[in-house]
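**Student:** Numbering (our numbering), first residue to last: 145 to 608. Backbone N, C-alpha and C fix where the C-beta goes; we use that ideal spot for every residue, glycine too.
What follows is the structure, given as structure tokens:
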């Protein structure tokens, strides 16, 4: 019973932080709970209802939830309402970077109306009760979300489980205490159960080589790989723990072989910019990858990425890639950055109609005809290309941001038909033309230098 779990927690809190106990509010009435349910359009699960039947949040001061204050029902509805008013275009953009930890427990969205905040940090982040989990999750699981959390973590499968964790940490003195009643405990994190590897095997120089432990495997790697993984593997003792590594940064590492990443079977995000990487074929073994950044590498071919079906965000900026055809069958690719590459045509990605962001700046692309009518395209960067015809822009119904700086454009009229554009990046000379020709007033940012007089004219436009 939740009541018993909370009572056990309060018993420990009374000894350590009696100030915190005094901050709890009286129970919420059935009428208040019903009003909150009506406001969010969802019935509370039994545990959440029971929690508020014990205490309707707390007063200001030290917070119940790992020093984040326990919200009253009124505060819950206020926070929920603020999130529900978020512009859909921004939400779609941010959804791409959302990652569930563990995978498959939380629907990968920036925010959801099914997440009911029960605590906040006053910085735009919340602990919440998830009423609409992904396939592996549980209704009522406790999660963290907010502006600082692209990774959405499941803290506990239930409130009762969360309170048990909290109570145990207090009993074993695994906390820090500050005057005023604040108690700091590292929040828990649900781990995905996984089968034991036993000894791990993976091909090396055409042979199958087995390792009994992570240390032996690590020692078999090149010095560059050993250095790159030193901090990541510091507390890893068995191969199962490799499944808990979701993000890997190899930025500027002198690594030219990605084969070792195949050991991180749950990897969701890989940063390998400014490396001598020439092949991404090993990534074919990582179907759960969601974000890959390979900027400023000598990479020429994308072979292997066609198997990364969950890939949503790919940056190839400054690489040597010229052929995008391996991306043609990726159903979830939403953001693509090919700026500064030798790509000269978009024909091979003409079926990626679900793209929301495309950056082709500083490429040899001369036409956007291949992406005509992309219904979800929100952001487009075509700066420093030889594109001169903007007539395709009105076919993007959701286009909200565009960079046209340093284009030799003479006809800006297509921009006038793009009523959803909120942001335009351009040169000052382009700004002088646009500011009086558009029937709407976007936020215009200037690319390049301006004189003091020019800055004054631009500022007057922004703030008349």
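Report yes if the C-beta distance between residue 577 and residue 548 is below 8 angstroms; otherwise report no.
**Tutor:** Taking the first residue of the chain shown as 1, we reach residue 577 at position 433. Taking the first residue of the chain shown as 1, we reach residue 548 at position 404. Result no, Cβ atoms of residue 577 and residue 548 do not sit closer than 8 angstroms.
**Student:** Would you identify the three-state DSSP class for residue 237, choosing helix, strand or coil?
**Tutor:** Numbered from 1 along the chain shown, position 93 holds the residue referred to as residue 237. Residue state, collapsed to three classes: helix.
**Student:** DSSP three-state label for residue 301, please.
**Tutor:** Here residue 301 corresponds to residue number 157 of the chain shown, with the count starting at 1. In the structure shown, residue 301 sits in coil (DSSP, three-state: anything other than H, G, I, E or B).
**Student:** Would you call residue 323 buried or exposed, if buried means 16 or more other Cβ atoms sit within 10 Å of its Cβ?
**Tutor:** Here residue 323 is taken as the residue at index 179 of the chain shown, counted from 1. By the 10 Å Cβ count, residue 323 comes out exposed.
**Student:** Would you mind stating whether residue 446 and residue 415 have Cβ atoms separated by less than 8 angstroms?
**Tutor:** Counting from one through the chain shown, the residue named residue 446 turns up at place 302. Counting from one through the chain shown, the residue named residue 415 turns up at place 271. No, these two residues do not count as a Cβ contact at 8 angstroms.
**Student:** With DSSP as the reference, identify every bridge partner of residue 270, one or two as the case may be.
**Tutor:** Within the chain shown, numbered from 1, the residue matching residue 270 stands at position 126. The partner list for residue 270 (beta bridge, DSSP) reads 264, 289.
**Student:** Can you say whether residue 291 is buried or exposed, counting buried as having 16 or more other CB atoms within 10 angstroms of its CB?
**Tutor:** As a position in the chain shown, residue 291 is number 147, starting the count at 1. With fewer than 16 Cβ atoms within 10 Å of its Cβ, residue 291 is classed as exposed.
**Student:** In chain order, what residues of the same chain lie with their CB nearer than 8 angstroms to the CB of residue 602, ignoring the 5 residues before and after it?
**Tutor:** Position 458 of the chain shown, counted from the start, is the residue given in the question as residue 602. The residues are 572, 575, 588, 590, 594.
**Student:** In or out: residue 398 buried (at least 16 other Cβ within 10 Å) or exposed?
**Tutor:** The residue you call residue 398 lines up with position 254 of the chain shown. The residue in question, residue 398, is exposed, as its Cβ has fewer than 16 Cβ neighbours within 10 Å.
**Student:** My parser needs the beta strand (DSSP E) runs of 3 or more residues fully inside the segment 376-434; what are they?
**Tutor:** 391-393, 413-415
**Student:** Put residue 590 into one of helix, strand or coil per three-state DSSP.
**Tutor:** For this step, residue 590 is matched to residue 446 along the chain shown. Strand at residue 590.
**Student:** Starting from residue 615, follow its DSSP beta bridges and name the residues at the other end.
**Tutor:** The structure shown does not extend to residue 615, since the chain is modelled only from 145 to 608, so the question has no answer here.
**Student:** What does the Cβ neighbour count give for residue 611, buried or exposed, with the cut at 16 atoms within 10 Å?
**Tutor:** Coverage of the chain is limited to positions 145 through 608, which leaves residue 611 absent and any answer about it impossible.
**Student:** Would you mind giving the Cβ-Cβ distance between residue 439 and residue 460, rounded to the nearest angstrom? I have them listed as a contact below 8 angstroms.
**Tutor:** Numbered from its first residue, the chain shown carries residue 439 at position 295. Numbered from its first residue, the chain shown carries residue 460 at position 316. Right, the Cβ-Cβ distance comes to about 7 angstroms (below 8 angstroms), so this counts as a contact.
**Student:** Measure the C-alpha to C-alpha separation of residue 310 and residue 246 and round it to an integer number of angstroms.
**Tutor:** Numbered from 1 along the chain shown, position 166 holds the residue referred to as residue 310. Numbered from 1 along the chain shown, position 102 holds the residue referred to as residue 246. Going from the Cα of residue 310 to the Cα of residue 246 covers about 20 angstroms.
**Student:** Am I right that residue 325 and residue 448 are in contact with their C-beta atoms under 8 angstroms? What's the rounded C-beta distance?
**Tutor:** Your numbering for residue 325 matches position 181 in the chain shown. Your numbering for residue 448 matches position 304 in the chain shown. Actually they are not in contact, since the Cβ atoms of residue 325 and residue 448 sit about 54 angstroms apart, beyond 8 angstroms.
**Student:** Whose C-alpha, out of 527, 277, 536, is nearest the C-alpha of residue 518?
**Tutor:** Position 374 of the chain shown holds residue 518. Comparing alpha carbon positions, the residue from 527, 277, 536 closest to residue 518 is 536.
**Student:** So the beta strand (DSSP E) residue 524 belongs to, where does it begin and stop?
**Tutor:** In the chain shown, the residue the question calls residue 524 occupies position 380. Start and end: 523-525.
**Student:** Go through its chain and collect everything with a Cβ distance to residue 146's Cβ below 7 angstroms, but skip five positions before and after it.
**Tutor:** Start at 1 with the first residue of the chain shown, and residue 146 comes out as number 2. 191, 194, 195, 303, 304.
**Student:** Thinking residue 476 and residue 456 are a contact (beta carbons under 8 angstroms), I'd like their distance in whole angstroms, please.
**Tutor:** To locate residue 476, count along the chain shown from 1; it is residue 332. To locate residue 456, count along the chain shown from 1; it is residue 312. That belief holds up - the Cβ atoms of residue 476 and residue 456 are roughly 5 angstroms apart, short of 8 angstroms.
**Student:** To the nearest angstrom, how far is the alpha carbon of residue 340 from that of residue 283?
**Tutor:** Stepping through the chain shown from its first residue, residue 340 is reached at position 196. Stepping through the chain shown from its first residue, residue 283 is reached at position 139. In this prediction, residue 340 has a pLDDT of 36, which is less than 50 and means its spatial position is unreliable; nothing more can be read from the coordinates.
**Student:** Relative to the alpha-carbon of residue 289, which residue among 224, 330, 372 has its alpha-carbon at the smallest distance?
**Tutor:** Your numbering for residue 289 matches position 145 in the chain shown. Comparing Cα positions, the closest option is 224.
**Student:** Quick test of the definition: if touching needs 3 or more C-beta pairs under 8 angstroms, does the segment 173-191 touch the segment 216-223?
**Tutor:** yes
**Student:** Going by C-alpha distance, which of 162, 521, 174 is nearest residue 564?
**Tutor:** In the chain shown, the residue the question calls residue 564 occupies position 420. Here the closest residue by C-alpha is 521.
**Student:** Per DSSP, what are the beta-bridge partners of residue 626 in this structure?
**Tutor:** Because the chain is modelled from 145 through 608, residue 626 falls outside the range shown and cannot be assessed.
**Student:** Can you find the residues in the same chain that come closer than 6 angstroms, C-beta to C-beta, to residue 491, ignoring five residues on each side of it along the sequence?
**Tutor:** The sequence position of residue 491 within the chain shown is 347, counting from 1. Excluding residues within five positions, the ones whose Cβ falls inside 6 angstroms are 514.
**Student:** Start and end of the alpha helix (DSSP H) containing residue 575?
**Tutor:** The residue labelled residue 575 in the question sits at position 431 within the chain shown. Where residue 575 is concerned, the enclosing alpha helix (DSSP H) stretches over 572-578.
**Student:** Measure the alpha-carbon distance for residue 277 versus residue 560 and round it to whole angstroms.
**Tutor:** For the purposes of this step, residue 277 is identified with residue 133 of the chain shown, where counting begins at 1. For the purposes of this step, residue 560 is identified with residue 416 of the chain shown, where counting begins at 1. Computed Cα separation, rounded: 42 angstroms.
**Student:** Quick one: grab the DSSP three-state call for residue 596.
**Tutor:** Residue numbering aside, residue 596 sits at position 452 when the chain shown is read from its first letter. Note: residue 596 maps to helix in three-state DSSP.
**Student:** Taking DSSP as the reference, what is the three-state secondary structure of residue 308?
**Tutor:** Counted from its first residue, the chain shown places residue 308 at position 164. The answer is helix: DSSP assigns residue 308 an H, G or I state.
**Student:** Report the residue from 243, 444, 454, 251 whose alpha carbon sits nearest the alpha carbon of residue 464.
**Tutor:** By one-based count along the chain shown, residue 464 stands at place 320. Comparing Cα-Cα distances from residue 464 to each of 243, 444, 454, 251, the minimum goes to 444.
**Student:** How about residue 240 and residue 546: are their beta carbons less than 8 angstroms apart?
**Tutor:** As a working note, residue 240 is residue 96 in the chain shown. As a working note, residue 546 is residue 402 in the chain shown. Cβ distance not < 8 angstroms, so residue 240 and residue 546 don't count as in contact.
**Student:** By how many angstroms is the C-alpha of residue 541 removed from the C-alpha of residue 570?
**Tutor:** Taking the first residue of the chain shown as position 1, residue 570 is located at position 426. Taking the first residue of the chain shown as position 1, residue 541 is located at position 397. Near 21 angstroms, if we compare the C-alpha coordinates of residue 541 and residue 570.
**Student:** Our contact map puts residue 503 next to residue 525 with C-beta atoms below 8 angstroms; I'd like the distance itself, whole angstroms only.
**Tutor:** Locating residue 503 in the chain shown gives position 359, where the first residue counts as 1. Locating residue 525 in the chain shown gives position 381, where the first residue counts as 1. The pair is a contact, with the Cβ atoms about 4 angstroms apart (cut-off 8 angstroms).
**Student:** Taking residue 403 as the reference, give the member of 268, 426, 409, 396 with the closest Cα.
**Tutor:** Within the chain shown, the letter at position 259 stands for residue 403. Ranking 268, 426, 409, 396 by Cα distance to residue 403 puts 426 first.
**Student:** Taking just the CA atoms, how far does residue 296 sit from residue 189?
**Tutor:** Along the chain shown, one-based indexing puts residue 189 at 45. Along the chain shown, one-based indexing puts residue 296 at 152. Taking the straight line from one Cα to the other gives about 21 angstroms.
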